[in-house]
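Chemist:
Next up, the structure:
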C-alpha cells in the first residue's frame with residue numbers, strides 16, 4: 008500500500024489507562040527465549056565502566072580485576088547524570104567493581120521528569136548487566152511482548168496497529184544511517200520514531216517522534232508505566248530508556264520506528280524487541296574488551312541481532328566481517344543482501360548534507376534499507392522524497408562546522424573515537440573539510456591509542472591540545488595522551504582552556520585553518536554543554552496524544 012500523509016492531531020483528552028494497550032507486532036519481544044541480549048547503555052561508546060577483558064585481550068587501564076567472561080559478568084558502574092555526558096559524574100549509585108547500583112525505590116508514581124532523571128542517574132548511565140530476563144518481563148507487562156496477530160494498518164491509522172521496526176547495528180555510522188532512514192520515512196508521510204544514543208545534553212534527545220523530543224510530561228507518564236512493572240525499578244539505564252522509547256512510539260501512533268543498537272548486537276537491549284529489518288553499518292575494531300579481540304568476534308556478536316526469516320541489509324564491510332554476517336544469515340534463514348545486491352536502487356545515492364565520503368555510503372545504506380522495507384510493506388517509494396530527506400539529515404558532531412567570528416575560531420566537530428572512524432576522518436580532511444590549524448583531542452583510556460595516535464597527529468601540522476575531562480573517570484589523562492602523541496601535544500586542565508587557545512589561534516585574520524575537535528563523544532558532550540547553541544533544537548517538544556475514551 009502507498010504511504011499517505013499522517014494526521015498529527017492528538018486525540019481527545021482522557022486519563023491514561025492503567026495498563027498499556029498491546030503493542031504492534033513489530034515492537035514486540037521475539038518469541039525465541041534462547042536469544043541473549045545485553046542491557047548495556049549505548050552510551051557504551053562513552054561507557055564509564057570497568058571493562059572485563061575478553062579472551063586474548065589485556066585488562067583496561069582502569070585496573071579492576073577481570074571476571075572470566077565479559078559477556079556473562081556485570082560490568083562496574085560509574086554513574087553520570089541523565090542529562091548528558093558533558094556534565095560531571097554523579098556520585099550516586101556507584102558500587103564496587105562488577106556490582107550493579109542498588110535499585111533505588113523511585114517515587115510511585117513519579118511526580119515529574121526530575122524524579123525520572125534522578126532514578127536513571129541512580130541506576131548508573133554506564134552500568135551493564137547482561138541478560139534479557141528483566142527486559143522481557145517489563146515488555147510483557149507493558150503489552151509489548153504480546154503477539155496479537157493484528158495486520159499492519161495503513162500509515163497514519165493510529166497507535167494500535169503495527170508500526171514497522173528497523174534495528175540498526177554496527178560499529179560506526181549507526182546514528183547517521185538511523186537519522187537518514189527516519190527522515191526518509193517521514194518524507195513519505197509516515198509518523199516515524201527514532202531511538203538513538205548517546206545523548207549530549209538531555210536524555211530526551213534519545214527518543215524522537217517526527218524529529219521532535221517528547222515533552223517532560225510524556226517522559227514522566229512513560230517512565231511511570233515502565234517502573235510500575237514487576238522488576239521495573241531494577242532495569243538498567245539503557246533497558247529503562249529502551250522500554251520508554253518502545254512504549255512511547257506505540258502511544259504516539261508511530262507508523263515506523265528506527266531502533267539504533269548500542270554496543271553490541273546479540274547482546275543489546277534493542278534486540279529484545281521484534282524488528283522487520285536488520286541493518287548493518289560499518290563494522291570495525293572497537294570495544295574489544297567486551298565483544299572480543301578480533302573483527303570476526305565483533306561481527307559474530309553483531310550478527311546475533313539477526314532474526315530467523317527477517318531480512319537484513321548491510322553496507323560495505325571488511326571481507327572477514329561480511330563472511331560472518333552471511334554465515335549467520337544462512338544458519339538462521341534470514342534473507343541477507345548488501346547494498347549492491349538490493350535490486351532497483353539508483354546508480355548513485357542521494358547527496359547527503361553531512362560531509363565525508365563515508366556519509367555517501369551511509370546514505371546508500373539508508374536508501375537500501377528503506378527500499379527493502381517499503382517493498383515488504385507495499386509502500387510506494389518516491390526518489391525525490393528520499394533525496395530531500397537525505398539532503399536534510401544533519402547529526403550533531405558528525406563533521407559539523409561551527410562558524411567562527413570576531414575573536415572566535417571556526418571549529419569542526421567530529422565524534423570519531425576509534426581507529427576506523429579516525430581513518431575516515433583523516434580521508435575527509437583536505438577534501439570534505441579544510442585542513443585544521445590545530446586539533447583538540449581527548450579519548451577514553453581503553454581505546455587503541457597506539458594506532459590512533461599517528462592518525463590524530465597527521466590531521467594537522469599545528470598544536471594538539473589535550474583537555475582533561477573532569478568527572479569522566481574512564482578518560483585518558485592528558486599527560487598520558489601527550490606521551491603518545493609527541494612534542495606538539497599540550498596537556499590542558501579542561502576544554503575551556505583549549506577553546507581559549509583555539510579562539511586565540513583562529514579568531515584573527517590569517518588564521519592557519521579551523522580547529523578540529525575530535526576523539527570522544529564525551530569531549531563533544533562537554534563542548535555542547537559550554538556552547539549549547541551549536542547543538543541546535545529539533546523544534547517544540549511533542550506531547551503524547553491522549554487515548555480516546557470509549558464512545559468519544
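Numbering (our numbering), first residue to last: 8 to 559. Glycine residues also receive a C-beta, built at the ideal position from the N, C-alpha and C atoms. Quick caveat, the model's predicted, so the values are computed rather than measured.
When DSSP labels each residue in this structure, what does residue 228 get in the three-state scheme?
Modeler: helix
Chemist: Quick check: the Cα distance between residue 279 and residue 142, rounded to an integer number of angstroms?
Modeler: 7 Å
Chemist: Kindly identify the DSSP beta-bridge partner or partners of residue 179.
Modeler: 289
Chemist: Name the two residues that bound the continuous beta strand (DSSP E) containing residue 383.
Modeler: Note, residue 383: premise wrong, no beta strand (DSSP E); alpha helix (DSSP H) at 364-384.
Chemist: Give the secondary structure of residue 256 by DSSP, where H, G and I count as helix, E and B as strand, and everything else as coil.
Modeler: helix
Chemist: Excluding the 5 residues preceding and the 5 following residue 492 in the sequence, name in chain order all residues of the same chain whose CB lies nearer than 8 Å to its CB.
Modeler: 448, 460, 463, 464, 471 and 473
Chemist: So, residue 523 versus residue 456, is the Cβ gap smaller than 8 Å?
Modeler: no
Chemist: Which whole-angstrom value describes the C-beta separation of residue 427 and residue 289, a residue pair presumed to lie in contact below a C-beta threshold of 8 Å?
Modeler: 7 Å
Chemist: Tell me, which residues are paired with residue 409 by DSSP?
Modeler: 418
Chemist: Can you check DSSP and say which residues form a bridge with residue 576?
Modeler: Nothing about residue 576 can be read from this structure; the chain reaches only from 8 to 559.
Chemist: Quick check: the Cα distance between residue 218 and residue 551, rounded to an integer number of angstroms?
Modeler: 14 Å
Chemist: Please list, in chain order, all residues of the same chain as residue 458 whose beta carbon is under 7 Å from its beta carbon, the five residues on each side excluded.
Modeler: 426
Chemist: What residue from 532, 553 and 416 has the CA that sits closest to residue 512's CA?
Modeler: 416
Chemist: Which class does residue 4 belong to by DSSP, given the choice of helix, strand or coil?
Modeler: Since the displayed the chain opens at 8 and closes at 559, residue 4 lies outside it and no answer follows.
Chemist: At the level of alpha carbons, what is the spacing between residue 171 and residue 356?
Modeler: 23 Å
Chemist: Could you tell me the distance, in whole angstroms, from the CA atom of residue 508 to the CA atom of residue 499?
Modeler: Looking at the backbone, the Cα of residue 508 and that of residue 499 are separated by about 10 Å.
Chemist: Buried or exposed for residue 281, please, with buried defined as at least 16 other CB atoms from any protein chain shown within 10 angstroms of its CB.
Modeler: buried
Chemist: To the nearest angstrom, how far is it from the Cα of residue 431 to the Cα of residue 495?
Modeler: 22 Å
Chemist: Can residue 528 and residue 363 be called in contact, C-beta distance under 8 Å?
Modeler: no
Chemist: Hey, would you say residue 242 sits closer than 8 Å to residue 232, going by beta carbons?
Modeler: no
Chemist: Here's the rule I'm using: 16 or more other beta-carbon atoms within 10 Å means buried, otherwise exposed. How should residue 224 be labelled?
Modeler: exposed
Chemist: Applying the 10 Å Cβ sphere with the 16-neighbour rule, what's the burial state of residue 410?
Modeler: exposed
Chemist: Suppose you measure from the CA of residue 485 to the CA of residue 437; what does that come to, to the nearest Å?
Modeler: 27 Å
Chemist: For the region 453-513, which segments carrying the alpha helix (DSSP H) assignment without a break, of at least 4 residues, lie completely within its bounds, in sequence order?
Modeler: 456-464, 485-492 and 502-513
Chemist: With DSSP collapsed to three states, give me the class of residue 211.
Modeler: Shown here, residue 211 sits in a helix according to DSSP, grouped into three states.
Chemist: Count the other CB atoms, across all protein chains shown, that sit within 10 Å of the CB of residue 119; report buried if there are 16 or more and exposed otherwise.
Modeler: exposed
Chemist: Which two residues bound the contiguous beta strand (DSSP E) that contains residue 525?
Modeler: 522-525
Chemist: Give me the Cβ distance between residue 320 and residue 346, rounded to the nearest whole Å; I'm assuming they're in contact under 8 Å.
Modeler: 7 Å
Chemist: If you draw a straight line from the alpha carbon of residue 245 to that of residue 342, how long is it in whole angstroms?
Modeler: 29 Å
Chemist: Does DSSP put residue 1 in a helix, a strand or coil?
Modeler: Residue coverage of the chain in this structure runs from 8 to 559, which leaves residue 1 outside it and unanswerable.
Chemist: Decide if residue 546 is buried, meaning its Cβ has at least 16 other Cβ atoms within 10 Å, or exposed.
Modeler: exposed
Chemist: From the DSSP output, in three-state form, read off residue 245 for me.
Modeler: DSSP, read as helix, strand or coil, puts residue 245 in helix.
Chemist: Can you tell me the Cβ-Cβ gap for residue 359 and residue 423, rounded? I've got them flagged as a contact below 8 Å.
Modeler: Wrong, their Cβ atoms sit about 17 Å apart, outside the cutoff.
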